[in-house]
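See structure below.
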Amino acid sequence: MTGQAVSKTTLSLRRYRKSVTALTGAEIATLRAGITKMLELSDDRGFEYWAGIHGLPLPISCTHGSPLFLPWHRAYLYYFEQHLLDVMPSGAQVSLPWWDWSTQAGIPAAYAAEKLPDGAANPLAGARVSGIPSAQFNEFNVPAVGRTNRTPGPTGAGHGPNGLPSAAQVSAVLALKDFEDFTTQLEDLHNQVHMWVGGTMSEIPVAAFDPVFWAHHTMIDRVWALWQLAHPGGGVSPVPLDHPLGPFPTLTVAQTLSTTALGYDYAAATSSAVPTATAPAAGPATPAATAS
Amino acid sequence: MATFVPNPLTVTLTAPAEPFYRADLEFHGVDHAKASFEGRLFINNPQASLETPVDDESYAGSFWIFGHGGCAGDEGHCEPPAERRPFDFRPEHQLTPVSKRVMITDKLRALVSPGQEFTVRIVPYVRPEHAAALPASLVTDLLQVHRVDLLSYQ
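Chain order of the listed sequences is L and B.
In terms of our numbering, the first sequence opens at residue 378 and continues consecutively.
In terms of our numbering, the second sequence opens at residue 827 and continues consecutively.
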């Protein structure tokens with residue numbers, strides 16, 4: 378993050394993260410191709426390695442129940458997305474989509490279908506849980522699973538029509554003015570969604586192996602970005618801005634405060650056009666000058 | 827593998843005098859070492875249980891714990907140090923207990939008179955199908971809370 382030239386083209390080079398429901402078929406195909414390539418890599422560029430950063434294999438690096446929750450996960454998404462870009466051809470347009478569970482009931486269709494129309498496995502529906510030494514599964518922790526699984530559903534009757542946080546709950550959280558208030562309440566909604574998805578997503582050690590983890594956390598990151606827009610200067614108190622975010626060696630808390638400085642935004646263009654030169658429209662004839 | 831048996835806790839607190847603008851329940855020293863769970867809060871309902879729905883009049887909100895899922899290390903790996911040494915600049919231990927905050931302003935006002943004592947029953951909840959996939963040690967004695975505060979902004 379240091380030593381980069383300041384460019385006049387920064388704005389135009391920024392990536393836009395979109396709602397998963399707004400992705401075109403081609404964009405979903407590109408995302409699937411990128412995730413597939415990451416799944417094929419067994420080294421520290423691959424999906425397995427990055428999923429393992431969050432939980433197992435040890436050390437478990439994620440930060441929960443702390444004001445570092447949002448900065449740490451923003452850095453985590455950033456590094457994952459950079460590796461996603463790495464595996465794609467130069468110039469490929471791909472970014473992490475967000476799953477707005479407050480308005481989209483259920484697992485997004487792009488992540489739900491086990492098989493694609495051509496019969497191939499959908500890489501967004503699940504992934505191997507691998508790269509974890511067998512000694513790190515014992516009778517005192519989550520059982521070893523070979524592949525992610527989900528059991529979506531509410532954690533009991535009465536939590537709204539589908540058991541996921543509602544749009545009203547998200548709005549209430551966005552209205553909170555104090556960062557610590559905001560992050561603690563948003564983290565609770567986040568926890569609720571992890572438990573709603575169930576299965577692998579329910580427990581920290583293996584949650585990030587489920588591809589929908591990344592869409593869920595992109596939603597959380599988006600809500601933070603929206604809160605930042607609504608509350609300029611809201612900051613991240615009580616977190617020191619120079620606090621490092623391990624294991625992401627180039628990022629501190631301060632460097633996560635601006636999504637645009639990280640090269641992405643959530644304000645996707647909803648309408649674009651290329652200006653073209655056109656002949657002036659015919660109008661009333663200009664009165665001819667008359668000599669007096 | 828396991829059947830979840832909840833271990834609810836009940837605390838007695840005193841409602842603030844009016845006027846107050848906001849009331850929060852804060853739970854300190856909440857253990858998150860085991861399975862993920864929901865902590866359901868019921869006011870003046872000491873019999874609240876897993877069967878008490880969250881649309882019951884006494885329900886005041888929930889907090890949600892994203893669990894550490896047990897210990898993957900050797901003996902002692904998941905025991906936070908009793909105290910932090912000076913000049914220990916490493917990150918805090920992963921299993922340092924957390925604090926949770928639930929805003930209950932409207933419910934408190936609706937259910938409890940100002941200045942009156944009231945109870946908060948905390949009922950941990952794990953989805954049965956999730957508990958069934960876990961070892962019993964991860965869903966036994968799940969709810970551990972060191973202290974509960976009622977904060978009111980007046």
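Think of the CB as a built atom: it goes at the ideal place given N, C-alpha and C, for glycine as much as any other residue.
Per DSSP, L:G640 is not a residue of any beta strand (DSSP E), being assigned neither H nor E. Remark: C-beta atoms of L:H441 and L:E557 do not approach each other more closely than 8 angstroms. Using a CB distance cut-off of 8 angstroms, L:I597 does not count as an interface residue toward chain B. Shown here, L:N518 sits in a strand according to DSSP, grouped into three states. For the set L:A428, L:L454, L:L566 and L:P621, the Cα lying nearest the Cα of B:F915 is the one of L:P621. With contacts defined as CB atoms closer than 8 angstroms, L:T401 and L:V471 fail to qualify as a contacting pair. Around the beta carbon of L:N568, 16 or more other beta carbons sit within 10 angstroms, so the residue counts as buried. Within the model, the alpha-carbon separation for L:Y641 versus L:S419 is close to 27 angstroms. Taking C-alpha positions only, B:H854 is separated from B:L969 by approximately 12 angstroms. DSSP places B:W890 in the uninterrupted beta strand (DSSP E) bounded by Y885 to I891. Taking 8 angstroms as the threshold, the shortest C-beta distance from L:S579 to chain B falls below it.
Exposure of L:V651 is indicated by the presence of fewer than 16 other C-beta atoms within 10 angstroms of its C-beta.
With respect to the 8 angstroms criterion, B:A958 and L:E580 are not classified as neighbours on the basis of their beta carbons.
Not a single CB atom of chain L sits nearer than 8 angstroms to the CB of B:H854. Around the beta-carbon of B:Y979, fewer than 16 other beta-carbon atoms lie within 10 Å, marking it exposed. A residue is called buried once 16 or more other Cβ atoms fall within 10 Å of its Cβ, and L:L461 is buried on that count.
In the structure shown, the three-state DSSP call for B:H858 is coil. Excluding its 5 nearest sequence neighbours in each direction, L:P615 has C-beta neighbours in its own chain below 8 angstroms: P444 and E557, listed in chain order.
Here the region 486 to 496 of chain L does not lie against the region 874 to 888 of chain B, with fewer than 3 beta-carbon pairs under 8 angstroms apart. Going by DSSP, L:D463 is part of the alpha helix (DSSP H) stretching over F446 to D463. The C-beta distance from L:P529 to L:V583 rounds to 16 angstroms, too long to meet the 8 angstroms contact threshold. Distance from the CA of L:L416 to the CA of L:R524, rounded to the nearest whole angstrom, comes to 13 angstroms.
DSSP places L:M415 outside any beta strand (DSSP E); the residue lies instead in the alpha helix (DSSP H), whose first and last residues are G402 to E417.
Under the DSSP definition of a beta bridge, L:D558 lacks any partner. With respect to the C-alpha of B:P917, the residue from L:H594, L:E404, L:S479 and L:I437 having the closest C-alpha is L:I437. Annotated as distal: L:P609 and L:V630, with beta-carbon spacing of 8 angstroms or more.
Under the rule that a run must span 3 or more residues, no beta strand (DSSP E) segment is found entirely inside the region 599 to 634 of chain L. Beyond the five residues adjoining it in sequence on each side, L:L541 comes within less than 6 angstroms, by CB distance, of W478 and W573 in the same chain, given in chain order. Taking CB atoms only, B:L977 has no neighbour in chain L less than 8 angstroms away. Not one beta carbon of chain B lies nearer than 8 angstroms to the beta carbon of L:V616. Its chain contains T931 and Y979 as the residues whose beta carbon lies nearer than 6 angstroms to that of B:R848, once the 5 sequence neighbours on both sides are disregarded; these appear in chain order. In this structure, L:I412 keeps its C-beta atom at 8 angstroms or more from the C-beta atom of L:P624. For L:G429, the enclosing alpha helix (DSSP H) starts and ends at F424 to H431. Following the DSSP letters along the chain, one finds B:K933 in no beta strand (DSSP E) but inside the alpha helix (DSSP H) bounded by residues T931 to L937. Across the set B:P954, B:F863 and B:R947, the C-alpha of B:R947 shows the shortest separation from the C-alpha of B:T838. B:E955: member of the alpha helix (DSSP H) spanning P954 to A957, first to last residue.
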